[in-house]
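Numbering that gives the first Met the number 0 numbers the first residue of the sequence shown as 0 and each following residue consecutively.
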Amino acid sequence: MTLETATAFRNIPRVGLGTNRLRHTAENVAFIRAAVDAGIRMVDTAHLYTHGESEKTIGDALSPVPKDCIVATKGGYGGAGRGRPEVLREEIEQSLASLRTNRIELYYLHRVDPETPIELSLGTIKEYVERGQIRHVGISEVTVAQIEQARRVLPIVAVQNNYSLAERRHDAVVDYCASNSLVFVPFFPLAGADSSRVRTIAARHRATPVQIALAWLLRRSPAMLPIPGTLSLAHVKENLGAMSIALSDEEFESLR
Ligand SMILES: NC(=O)c1ccc[n+]([C@@H]2O[C@H](COP(=O)([O-])OP(=O)(O)OC[C@H]3O[C@@H](n4cnc5c(N)ncnc54)[C@H](OP(=O)(O)O)[C@@H]3O)[C@@H](O)[C@H]2O)c1
């Protein structure tokens, strides 16, 4: 099951990998390589994660990044002032170095800075796009109005918001992404997987509740590309397996 609607990442498998607990160890370098061998093609990190260890691990594991694989990172997290041009420039330079690359395939503004105009933050990221050091740009935890504001500054290909069976606050953003050929990347995608209704459906499909939660997201919108975080190769394979599960209309609606 590959992404068909989004223009930028057409044909990549629709389950990725979140890495916000990844420490810089030899074991985790091997884990990232094994995850890609198992079929992961979207590896999600951020400047912030594990104080830079996540990016360094991915840099060690995937340099050069395999041709059909996307490593996405983010910067500008932490509240007022973190979206200022000088802060973002420093973080982007560090991400390029840690990831051991000349070009970041997908770079998100991690949060809209409440004190820095979004135009200024994204204008800084745009400098790197124009220099060829960032290929695609995304934004995180945003409303439809903010996405539209961002798209007036530069093309946006991905939106990463909190969304799951248990958290539907961003339904309008999901639908906006599908209508505008953007990828919607839900973070915390496994929330709600522990309900009795999910467990019943899982038993029927001989699947795990986590796989049903992911299958529900994939069915919710063709723009959806969840990035469950895990440090376990067995869980990576299980999560990828969710792409083979087809929920019936009745099952989908009963979880809605
Ligand atoms: N944009 C943002 O602001 C933002 C905010 C938060 C997170 N994120 C991103 O979103 C990613 C996903 O968030 P997350 O909440 O899923 O990550 P997380 O914080 O790593 O938590 C996922 C949890 O689910 C478990 N898990 C994963 N697959 C499983 C499976 N098949 N069966 C049972 N347990 C499983 C993991 O444990 P195991 O390690 O044992 O598998 C872990 O405890 C993060 O890694 C990060 O990249 C983005």
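Built from N, CA and C at the ideal position, the CB exists for glycine as well.
Beta carbon of residue i nearer than 7 Å to that of residue j
{"i": "residue 184", "j": "residue 157", "result": "yes"}
{"i": "residue 189", "j": "residue 209", "result": "yes"}
{"i": "residue 73", "j": "residue 96", "result": "no"}
{"i": "residue 133", "j": "residue 107", "result": "no"}
{"i": "residue 241", "j": "residue 213", "result": "yes"}
{"i": "residue 179", "j": "residue 169", "result": "no"}
{"i": "residue 218", "j": "residue 246", "result": "yes"}
{"i": "residue 121", "j": "residue 76", "result": "no"}
Cβ shell of residue i (< 7 Å), same chain only, five flanking positions each side left out
{"i": "residue 155", "result": "136, 137, 138, 146, 149, 181"}
{"i": "residue 88", "result": "123"}
{"i": "residue 117", "result": "111, 145, 148, 149"}
{"i": "residue 151", "result": "none"}
{"i": "residue 193", "result": "208"}
Nonlocal neighbours in the same chain, by C-beta distance under 8 Å from residue i, ignoring five residues either side
{"i": "residue 42", "result": "15, 16, 18, 31, 34, 35, 57, 61, 68, 69, 70, 71"}
{"i": "residue 39", "result": "12, 14, 15, 16, 68, 235, 239"}
{"i": "residue 24", "result": "56"}
{"i": "residue 143", "result": "171, 172, 175"}
{"i": "residue 201", "result": "207, 208, 210, 211"}
{"i": "residue 80", "result": "86, 112, 114, 115"}
{"i": "residue 63", "result": "100"}
{"i": "residue 90", "result": "46, 74, 75"}
Bounding residues of the beta strand (DSSP E) (the contiguous stretch that carries residue i)
{"i": "residue 135", "result": "133 to 139"}
{"i": "residue 185", "result": "182 to 186"}
{"i": "residue 43", "result": "41 to 43"}
{"i": "residue 71", "result": "69 to 74"}
{"i": "residue 107", "result": "103 to 108"}
Presumed contact (8 Å Cβ cut-off) between residue i and residue j, rounded CB distance
{"i": "residue 94", "j": "residue 54", "result": "6 Å"}
{"i": "residue 254", "j": "residue 215", "result": "5 Å"}
{"i": "residue 131", "j": "residue 102", "result": "6 Å"}
Span of the alpha helix (DSSP H), counted from its first residue to its last, around residue i
{"i": "residue 249", "result": "248 to 254"}
{"i": "residue 232", "result": "232 to 240"}
{"i": "residue 202", "result": "195 to 204"}
{"i": "residue 158", "result": "Counting along the chain, residue 158 falls outside any alpha helix (DSSP H), though it belongs to the beta strand (DSSP E) covering 157 to 161."}
{"i": "residue 122", "result": "117 to 129"}
{"i": "residue 48", "result": "It is not in any alpha helix (DSSP H) - residue 48 carries neither H nor E in the DSSP assignment."}
{"i": "residue 299", "result": "Lying outside 0 to 255, the shown extent of the chain, residue 299 is not represented and no answer is given."}
{"i": "residue 208", "result": "208 to 219"}
{"i": "residue 177", "result": "170 to 178"}
{"i": "residue 112", "result": "Premise fails: residue 112 is in no alpha helix (DSSP H) and is neither H nor E."}
{"i": "residue 27", "result": "25 to 37"}
{"i": "residue 86", "result": "84 to 97"}
Of the listed residues the options, nearest to residue i (C-alpha basis)
{"i": "residue 2", "options": "174, 206, 223", "result": "223"}
{"i": "residue 191", "options": "142, 167, 177", "result": "167"}
{"i": "residue 37", "options": "226, 233, 175", "result": "233"}
{"i": "residue 78", "options": "245, 48, 114, 194", "result": "114"}
{"i": "residue 21", "options": "0, 29, 195, 49", "result": "49"}
{"i": "residue 28", "options": "52, 104, 7, 10", "result": "52"}
{"i": "residue 140", "options": "109, 0, 26, 237", "result": "109"}
{"i": "residue 65", "options": "104, 197, 164, 198", "result": "104"}
{"i": "residue 186", "options": "162, 75, 59", "result": "162"}
{"i": "residue 197", "options": "251, 9, 120, 91", "result": "251"}
{"i": "residue 59", "options": "90, 227, 26", "result": "26"}
Residues near residue i by beta carbon distance below 6 Å, same chain, minus five either side
{"i": "residue 204", "result": "244"}
{"i": "residue 83", "result": "115"}
{"i": "residue 165", "result": "190, 191"}
{"i": "residue 7", "result": "135, 156"}
{"i": "residue 228", "result": "17, 19"}
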